[in-house]
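As they're listed, the protein sequences go chains A, B, C and D.
So the first sequence is residues 0 to 228, counted in numbering that gives the first Met the number 0.
So the second sequence is residues 0 to 228, counted in numbering that gives the first Met the number 0.
So the third sequence is residues 0 to 228, counted in numbering that gives the first Met the number 0.
So the fourth sequence is residues 0 to 228, counted in numbering that gives the first Met the number 0.
Number of protein chains: 4
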Amino acid sequence: MVAKGKRDSESEAQPAGKKRDPERTRLVIIEAAREEFAENGYDGARTDRIATRTGMSKGVLYHYFSSKDDLFVAVLEDIYQELRSQNEALVLAEFEPEAGIRELIAHTYQYFVDHPEFIVLVNSENLMKAQHLERSESIRSMFTPLSRRLSELISRGQEQGIFRSNVDVVELYVSIVGLGYFFLANRWTLGVVFNRDLLGKGAEEVRLQHMTEMVLDYLRNVKSLDGKE
Amino acid sequence: MVAKGKRDSESEAQPAGKKRDPERTRLVIIEAAREEFAENGYDGARTDRIATRTGMSKGVLYHYFSSKDDLFVAVLEDIYQELRSQNEALVLAEFEPEAGIRELIAHTYQYFVDHPEFIVLVNSENLMKAQHLERSESIRSMFTPLSRRLSELISRGQEQGIFRSNVDVVELYVSIVGLGYFFLANRWTLGVVFNRDLLGKGAEEVRLQHMTEMVLDYLRNVKSLDGKE
Amino acid sequence: MVAKGKRDSESEAQPAGKKRDPERTRLVIIEAAREEFAENGYDGARTDRIATRTGMSKGVLYHYFSSKDDLFVAVLEDIYQELRSQNEALVLAEFEPEAGIRELIAHTYQYFVDHPEFIVLVNSENLMKAQHLERSESIRSMFTPLSRRLSELISRGQEQGIFRSNVDVVELYVSIVGLGYFFLANRWTLGVVFNRDLLGKGAEEVRLQHMTEMVLDYLRNVKSLDGKE
Amino acid sequence: MVAKGKRDSESEAQPAGKKRDPERTRLVIIEAAREEFAENGYDGARTDRIATRTGMSKGVLYHYFSSKDDLFVAVLEDIYQELRSQNEALVLAEFEPEAGIRELIAHTYQYFVDHPEFIVLVNSENLMKAQHLERSESIRSMFTPLSRRLSELISRGQEQGIFRSNVDVVELYVSIVGLGYFFLANRWTLGVVFNRDLLGKGAEEVRLQHMTEMVLDYLRNVKSLDGKE
DNA sequence: GATGAATGAGGCTTCATTCAT
DNA sequence: AATGAATGAAGCCTCATTCAT
């Protein structure tokens, strides 16, 4: 998906030449599956609809993937790969510590805003206790590099005396992701129980600002060390 | 479910007296449905299995609820009711501001830990864009009271000069919930991509401490007022 | 199948009253499956056609049997049961030894003539190395009683000095069955390679006479003991 | 298959020279198909697996044979040819009558033991009422020569006064084949219903001895002439 | 000639829901 | 009220065959 730079042009059903192109077909299938899984979750997705989206016959799916499960794994690998490469494009080393954190938060959040599929896919996968992810070699420890880069950023901040010590990088990253992800994933129910419209652009921006402040306040709090907690 | 104090006694198939008790039957069905939906999500849940769990026949389900959808609404209402009444049991007015926040965070988190069903059910409902919740009168604005009470707590903190001003209570509550919910909901995939075991009691406690610190640091940051953000 | 005396009336699709009768439905399904498997073998049989034969919907099959395999097991159990009870109806003890053998041969042969399904079903099962039969408790050692009765008959013949000694009853029974079964099962190919019409009543009777002679000659040959073989 | 002496070298995917050899390719395909049909029967066989076995692409199959049916015919012709030439290699004229019969029984039986495919293929074909064989010119009356040679042997025995008169050669040959074929084909189910292990070498030899005795006793029974049967 | 991608009909099985009893 | 048999529309997947390259 991420490879080949063929992305963007979504759901085109065999363009131009119409010639056979297995590589491309594979991508078209993953793309179609991604949409279908994203709109309906794993259990709600229908292989028939995936086929329809590709513009090809149902049998083709099974020519490329051995099962719905297998296809779901491929979609997960694809989308995680995409998130990671999006992350990697952000060179944290170029920023001052605080600006780096801001960028990381904003980029990550923006990815979720632009790719609501990610949330549905990952929720689906957690419902199934990550049984597909566990089968995927390429996803294991995928974010270790990011951890390291984030770690370096934090260290620089600590050396400059502007960031607290005692930061668990994974916990921090989970918070950075979670503050945005939870909001975006649960906008619909939250909107009902709080009787607020959380679906628009405005709500999204309010959220980003709030969560950025929260994370930075946490990191900046130099004195918390001598506190009792 | 939460009502009547009949909880705890799970899945008993009409005890002792054997007399027909429609109210009770209704609760038994909701209980069974809750388990089934929680383990499999909406699409993964099976009406047959729900019937089996109740120990009654499938016809009974349809006598009490007109469809799977209808049953799902009932389950959602039940579990939201439960969370709310759990929240209400915590009298925030009795606590000093900071302690009140701590209590709220801990109680809320503990509820999710004790009721993993909540997460699956709510995720399922968001996948379907809250179409069931919208049909439910009883859930609309359900958390407005909590907002008010939280608001009061914050105000007291602000009056005492220990909490920042400029706090959006809904955003704050979303963060309080989200920091724990996201972690608990996504433990499986997070565990794989970070290659960490996040499933145990230990990881749960580390999380609680981290998120408590984060929220409190945010609230305590008195100087952020003069910042531009 | 064999039970209830409801046999004979084949393939009736819910007679008279049309009332629900699970016992009867089960039998109707087995009956339909038996026909379908008999005409097409296991792999050639279609669950759709079985359903059509029952006059009910396809789902019913799965209400009574968990899979095509499971249904096949039921059919095998039914037909073996039938052969056995047919055998048991023949009281060998009432006959003189030679007449008893003649009766056994004729009855067994007649069963195959009347129930060509048996042959197809058993051939199918052997193609699959009896994997279904092995799962069936009721079929294990089903013919041990017959072995015993045949044994007694042989013994009487030996005491009267008209039957040879040294008879392996199972080998004998395999021959009695095989001489007829093989012919009936392979009539079509045999007819082609020998350019003979083996399909009619005439050929069936010629076969019976030939095989009866062969078996009896084998049993009567008192002197073979002192032979070298 | 049997032709050309190219047998033995199984399933090699175009060896050494690599030059195109249509004759050889045809044989390779038939060989592969034979294995596949033998292991799974006609309906259970898969054209994909046949292609895989040949090491060539599926298109090649359809280049040489117009359909699965067509391929099955070719396999049948091949294997019948093989049995016939195996038979022809046995020069019955060289033996004394009784020894000739023994040889014929043993050779035929051994062929089935060595070629379990034959049994599955022929059973499959009979399930389909020999519809393929009927299309094959080369198989019609294929065993007429053998009948003649067997006839001569019997005649010699009759002239020597050691064999009965009144022998129907085809019936006799059907018995000779059937006594072994039935046992070998139905070992699995027979083993279950008689609770005996019939799969080993031992059981095979016991069977051969039993059936040889039976056939010879039948032929030797000189007195049966005056009987009425 | 050769490949294997693509087709489409159809195979087995499931499932929410209805309905006879 | 209650049961669970029955329905029928789908769901996932397979497979002989065709066809673009």
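C-beta atoms are modelled at their ideal positions from N, C-alpha and C, and glycine is treated no differently.
I'd like to know if residue i contacts chain B, where contact means its C-beta is closer than 8 Å to some C-beta of that chain.
{"i": "Ala-31 (chain A)", "result": "no"}
{"i": "Ser-84 (chain A)", "result": "no"}
{"i": "Glu-203 (chain A)", "result": "no"}
{"i": "Phe-193 (chain A)", "result": "yes"}
Closest by CA to residue i, which one among the options?
{"i": "Asp-167 (chain A)", "options": "B:Tyr-41, B:Glu-102, B:Arg-195 and B:Glu-76", "result": "B:Arg-195"}
{"i": "Val-119 (chain B)", "options": "A:Leu-197, A:Tyr-63, A:Asn-165 and A:Asn-125", "result": "A:Asn-125"}
{"i": "Ile-153 (chain D)", "options": "D:Thr-143, D:Pro-144 and D:Asn-165", "result": "D:Asn-165"}
{"i": "Asp-77 (chain A)", "options": "A:Leu-149, A:Asp-47 and A:Phe-117", "result": "A:Phe-117"}
{"i": "Val-33 (chain A)", "options": "A:Val-214, A:Arg-52 and A:Arg-23", "result": "Note that residue 33 (chain A) is Arg in the sequence shown here, rather than Val. Nearest of A:Val-214, A:Arg-52 and A:Arg-23 to Arg-33 (chain A), Cα basis: A:Arg-52."}
{"i": "Pro-21 (chain A)", "options": "A:Asp-47, A:Asn-39, A:Leu-60 and A:Glu-38", "result": "A:Leu-60"}
{"i": "Ala-184 (chain D)", "options": "D:Val-173, D:Leu-198, D:Tyr-172 and D:Leu-171", "result": "D:Leu-198"}
{"i": "Gln-208 (chain A)", "options": "B:Gly-179, B:Leu-171 and B:Leu-189", "result": "B:Leu-171"}
{"i": "Tyr-217 (chain A)", "options": "A:Tyr-63, A:Leu-82, A:Arg-148 and A:Ile-100", "result": "A:Ile-100"}
{"i": "Arg-83 (chain D)", "options": "D:Ile-29, D:Lys-200, D:His-106 and D:Ser-123", "result": "D:His-106"}
{"i": "Glu-38 (chain D)", "options": "C:Ser-65, C:Ser-123, C:Val-169 and C:Lys-57", "result": "C:Ser-123"}
In whole angstroms, what separates the C-alpha of residue i from that of residue j?
{"i": "Gly-43 (chain B)", "j": "Phe-193 (chain B)", "result": "28 Å"}
{"i": "Ile-161 (chain C)", "j": "Phe-182 (chain D)", "result": "27 Å"}
{"i": "Ile-104 (chain C)", "j": "Arg-186 (chain D)", "result": "20 Å"}
{"i": "Phe-36 (chain A)", "j": "Ala-50 (chain B)", "result": "28 Å"}
{"i": "Phe-94 (chain A)", "j": "His-114 (chain A)", "result": "25 Å"}
{"i": "Ala-88 (chain B)", "j": "Val-72 (chain C)", "result": "59 Å"}
{"i": "Thr-211 (chain B)", "j": "Ala-129 (chain A)", "result": "27 Å"}
{"i": "Arg-48 (chain C)", "j": "Gly-40 (chain C)", "result": "13 Å"}
{"i": "Ser-135 (chain D)", "j": "Thr-24 (chain C)", "result": "44 Å"}
{"i": "Glu-102 (chain D)", "j": "Glu-203 (chain C)", "result": "28 Å"}
{"i": "Val-121 (chain B)", "j": "Leu-132 (chain B)", "result": "10 Å"}
{"i": "Leu-178 (chain C)", "j": "Leu-70 (chain A)", "result": "54 Å"}
{"i": "Pro-144 (chain D)", "j": "Leu-145 (chain C)", "result": "41 Å"}
{"i": "Leu-91 (chain A)", "j": "Val-205 (chain B)", "result": "27 Å"}
{"i": "Met-55 (chain C)", "j": "Ser-150 (chain D)", "result": "56 Å"}
{"i": "Arg-219 (chain B)", "j": "Val-176 (chain B)", "result": "19 Å"}
{"i": "Ala-98 (chain B)", "j": "Met-127 (chain A)", "result": "37 Å"}
{"i": "Arg-6 (chain A)", "j": "Tyr-180 (chain B)", "result": "Residue placement at Arg-6 (chain A) is flagged as unreliable, the pLDDT there being 38, under the threshold of 50; the coordinate-derived value follows with that caveat. Computed Cα separation, rounded: 33 Å."}
Can a CB atom of chain D be found closer than 8 Å to the CB of residue i?
{"i": "Glu-212 (chain C)", "result": "yes"}
{"i": "Lys-67 (chain C)", "result": "no"}
{"i": "Ser-137 (chain C)", "result": "no"}
{"i": "His-62 (chain C)", "result": "no"}
{"i": "Glu-151 (chain C)", "result": "no"}
CB-CB under 7 Å to residue i, same chain, minus the five flanking residues each way: which ones, in chain order?
{"i": "Tyr-79 (chain C)", "result": "Ile-138 and Met-141"}
{"i": "Pro-96 (chain A)", "result": "Leu-152, Arg-155, Gly-156, Gln-159, Ile-161 and Phe-162"}
{"i": "Arg-174 (chain B)", "result": "The sequence shown places Ser at residue 174 (chain B), rather than the Arg named in the question. Hits under 7 Å: Val-214."}
{"i": "Val-74 (chain A)", "result": "Ile-29, Ala-32, Arg-33, Phe-36 and Leu-120"}
Among residues of its own chain, excluding the 5 on either side of residue i, which ones have a beta-carbon nearer than 6 Å to its beta-carbon?
{"i": "Gln-85 (chain C)", "result": "Tyr-110"}
{"i": "Tyr-63 (chain C)", "result": "Arg-25 and Ile-28"}
{"i": "Lys-67 (chain C)", "result": "Thr-46"}
Mind checking if residue i is an interface residue toward chain C, Cβ cutoff 8 Å exclusive?
{"i": "Ser-140 (chain D)", "result": "yes"}
{"i": "Tyr-217 (chain D)", "result": "yes"}
{"i": "Asp-317 (chain D)", "result": "Outside the displayed span of chain D (0 to 228) sits residue 317 (chain D), for which this structure offers no information."}
{"i": "Asn-167 (chain D)", "result": "Before going further, note that residue 167 (chain D) is Asp rather than Asn in the sequence given. Taking Cβ atoms only, chain C reaches closer than 8 Å to Asp-167 (chain D), which makes this a yes."}
{"i": "Thr-143 (chain D)", "result": "yes"}
Please list, in chain order, all residues of the same chain as residue i whose beta carbon is under 8 Å from its beta carbon, the five residues on each side excluded.
{"i": "Leu-189 (chain A)", "result": "Phe-182, Arg-195 and Leu-197"}
{"i": "Lys-57 (chain D)", "result": "Thr-46, Asp-47 and Ala-50"}
{"i": "Leu-224 (chain C)", "result": "Reliability of the predicted coordinates at Leu-224 (chain C) is poor, the pLDDT of 43 falling under 50, and the value obtained from them is presented with this limitation in mind. Contacts found: Arg-163, Ser-164 and Asn-165."}
{"i": "Val-169 (chain D)", "result": "Ser-146"}
Taking Cβ positions only, does residue i come closer than 8 Å to chain A?
{"i": "Ser-154 (chain B)", "result": "no"}
{"i": "Ser-146 (chain B)", "result": "yes"}
{"i": "Arg-206 (chain B)", "result": "yes"}
{"i": "Glu-87 (chain B)", "result": "no"}
When you check each C-beta in the stretch 33-56 of chain D against every C-beta of chain C, which residues fall closer than 7 Å? Gly-40, Asp-42 and Gly-43
Using a Cβ-Cβ cut-off of less than 9 Å, list which residues of the stretch 170-188 of chain D approach chain C; keep chain order. Glu-170, Leu-171, Tyr-172, Val-173, Ser-174, Val-176, Gly-177, Leu-178, Gly-179, Tyr-180, Phe-181, Phe-182, Ala-184, Asn-185, Arg-186, Trp-187 and Thr-188
If contact means a Cβ-Cβ distance below 7 Å, which residues of the stretch 98-131 of chain A contact chain B? Val-119, Val-121, Asn-122, Glu-124, Asn-125, Leu-126, Lys-128 and Ala-129
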